[in-house]
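Have a look at this one:
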């Protein structure tokens, strides 16, 4: 069962009714009622999402089933080749990036990546980059500049990793340098 927010429950109830009616559709003529309910679902969805409170918007932003960077890359591009490492210390799985292609057009894509379960969240450090993640992003930005490729970024992070070891490896400097590089990009 998927995760449903409280304000989405009326939509879920109508969707269940449609599913029940479709199961019976083989024995009864319910096409018109099903189409009517499906129209009502779309109207209700539009009404609910057009009047969200601030807290409901926060809930949507924190939804555990929302797409992450790798999901967007898989659905938006024909091909994605991930590039790893900052060439100084190690690869940071909290930042993913590489070359992405749509048709004959290539871009450099960079984004934060969280996990879907405990194991993958630990691997991805819950989406909190270390300095090497920021350095990897900077390396990819410079690569985009060198080959005159647009940069597509996906931001979805609780913030930089706050550990002492991250500070010892230059977290603040890595973030500042990234901002500096991004401000100078001509692509």
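Numbering (the working numbering), first residue to last: 3 to 189.
Every residue, glycine too, gets a C-beta built ideally from N, C-alpha and C.
Distance, residue j Cα to residue i Cα
{"i": "residue 112", "j": "residue 57", "result": "28 Å"}
{"i": "residue 22", "j": "residue 46", "result": "19 Å"}
{"i": "residue 131", "j": "residue 89", "result": "16 Å"}
{"i": "residue 122", "j": "residue 96", "result": "10 Å"}
{"i": "residue 150", "j": "residue 189", "result": "6 Å"}
{"i": "residue 118", "j": "residue 64", "result": "12 Å"}
{"i": "residue 164", "j": "residue 184", "result": "23 Å"}
{"i": "residue 187", "j": "residue 140", "result": "11 Å"}
{"i": "residue 168", "j": "residue 176", "result": "10 Å"}
{"i": "residue 60", "j": "residue 7", "result": "11 Å"}
{"i": "residue 76", "j": "residue 20", "result": "30 Å"}
{"i": "residue 12", "j": "residue 43", "result": "9 Å"}
{"i": "residue 107", "j": "residue 153", "result": "12 Å"}
{"i": "residue 160", "j": "residue 17", "result": "33 Å"}
{"i": "residue 24", "j": "residue 14", "result": "15 Å"}
{"i": "residue 91", "j": "residue 74", "result": "28 Å"}
{"i": "residue 39", "j": "residue 67", "result": "25 Å"}
{"i": "residue 37", "j": "residue 50", "result": "20 Å"}
{"i": "residue 143", "j": "residue 4", "result": "37 Å"}
{"i": "residue 32", "j": "residue 105", "result": "42 Å"}
{"i": "residue 134", "j": "residue 70", "result": "20 Å"}
{"i": "residue 162", "j": "residue 181", "result": "14 Å"}
{"i": "residue 128", "j": "residue 179", "result": "23 Å"}
{"i": "residue 10", "j": "residue 155", "result": "29 Å"}
Closer than 8 Å: residue i CB and nearest the ligand GTP heavy atom
{"i": "residue 33", "result": "Ligands are entirely absent from the displayed structure, and the ligand GTP is therefore not among its contents."}
DSSP-derived helix/strand/coil call for residue i
{"i": "residue 139", "result": "helix"}
{"i": "residue 163", "result": "coil"}
{"i": "residue 77", "result": "helix"}
{"i": "residue 20", "result": "helix"}
{"i": "residue 67", "result": "coil"}
{"i": "residue 103", "result": "strand"}
{"i": "residue 60", "result": "helix"}
{"i": "residue 55", "result": "coil"}
{"i": "residue 15", "result": "helix"}
{"i": "residue 128", "result": "helix"}
{"i": "residue 156", "result": "strand"}
{"i": "residue 82", "result": "strand"}
{"i": "residue 245", "result": "There is no way to answer for residue 245, as the model of the chain reaches only from 3 to 189."}
{"i": "residue 182", "result": "helix"}
{"i": "residue 38", "result": "helix"}
{"i": "residue 88", "result": "coil"}
{"i": "residue 31", "result": "coil"}
{"i": "residue 47", "result": "helix"}
{"i": "residue 9", "result": "helix"}
Contact belief for residue i with residue j at Cβ below 8 Å, rounded distance in angstroms
{"i": "residue 99", "j": "residue 138", "result": "6 Å"}
{"i": "residue 72", "j": "residue 115", "result": "6 Å"}
{"i": "residue 48", "j": "residue 79", "result": "No, residue 48 and residue 79 are not in contact; Cβ-Cβ is about 29 Å, not under 8 Å."}
{"i": "residue 54", "j": "residue 110", "result": "Incorrect: roughly 33 Å between the Cβ atoms, too far for contact."}
Residues that DSSP places opposite residue i in a beta bridge
{"i": "residue 114", "result": "97"}
{"i": "residue 108", "result": "103"}
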